[in-house]
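In my numbering, the protein residues as written are 17 to 178.
Please read the structure below before turning to the comments.
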């Protein structure tokens with residue numbers, strides 16, 4: 017038992033970060049690592065364009081045994097060597113491109129915003145087939161609540177705010 021505990025102190029835990037493009041995956045990675053966008057080693061973020069085209073590994077500065085693996089958004093399709101926004105998502109291409117890296121992950125955080133799409137359901141099922149644990153992360157809820165409060169103020173009792 018002691019040997020197993022000692023081994024676990026040196027084991028690397030790979031956490032796959034997947035979800036649709038723009039769901040806040042890279043922002044989460046930076047926040048988790050205590051790094052601001054634009055700083056050296058930060059994951060690139062943008063509100064206007066897709067930023068992750070390949071799997072990128074981000075070790076956690078305070079614990080190098082934890083690695084966050086940022087996967088491209090699951091709304092894209094392979095059109096050669098990279099993913100292209102103009103074309104419909106192709107599940108086989110995604111697995112062909114990233115299946116090896118997915119197998120390396122111990123657990124996955126699947127990021128969703130607003131509604132859960134078929135692509136998110138698909139990626140969660142594929143991860144499950146690999147006998148990996150899946151945790152869903154609901155991101156950007158603050159934006160949705162602010163929009164709902166503005167658009168449907170009667171749903172928010174007086175004195176509450178989003």
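In this text, a Cβ means the ideal position worked out from N, Cα and C, and glycines have one as well.
query                                                                                                                                       : result
Spatial neighbours of residue 45 within its chain, please: C-beta separation below 7 Å, excluding the five flanking residues on both sides. : 33, 59, 74, 84, 86
Report the residue from 79, 41, 134, 125 whose alpha carbon sits nearest the alpha carbon of residue 107.                                   : 134
Taking Cβ positions, are residue 129 and residue 155 nearer each other than 9 Å?                                                            : yes
With DSSP as the reference, please indicate the residues paired to residue 75 in a beta bridge.                                             : 83
I need the DSSP call for residue 115, collapsed to helix, strand or coil.                                                                   : helix
The beta strand (DSSP E) spanning residue 90 covers which residue range?                                                                    : Neither: residue 90 is in no beta strand (DSSP E) and is coded neither H nor E.
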